[in-house]
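Read the structure below first, then the notes.
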Amino acid sequence: MAHAETKVLTAHVPLLLAERIDQVAARLERSRGWIVKQALSAWIDQEEERSRLTREALADVDAGRVIDHQAVQAWADSLDTESPLPVPR
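Printed below as a string of structure tokens:
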């Protein structure tokens, strides 16, 4: 199997976090490096999704696709009543 090129990154982490990484690595029978790669990959994916959603939301605002705050507040306030309002559109 071919191996992807790699680059060594160095980071100072709090001792308690390093210990938690070691515990997870031991439990999963994986290396510390594998745990860190998984965590970084998940974080990057999360940040990319957050960025995409933010750009999408800003495009909605620019296009005027917004819901009035007062309508959302009235809907939210109605949720614990006998007759909740429909979701504002």
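Just so we're aligned, residue 1 is where the sequence shown starts under the working numbering, counting upward by one.
Every residue, glycine too, gets a C-beta built ideally from N, C-alpha and C.
Local conformation of residue i per DSSP, three classes
i	result
G64	coil
S51	helix
V72	helix
V36	helix
S41	helix
L79	coil
E56	helix
Integer-rounded CB distance, given that residue j should sit under 8 Å from residue i
i	j	result
R32	A25	5 Å
L85	A74	6 Å
Limits of the alpha helix (DSSP H) - the one that residue i falls within
i	result
E19	15 to 28
Cβ neighbour criterion (16 or more within 10 Å) applied to residue i
i	result
I35	buried
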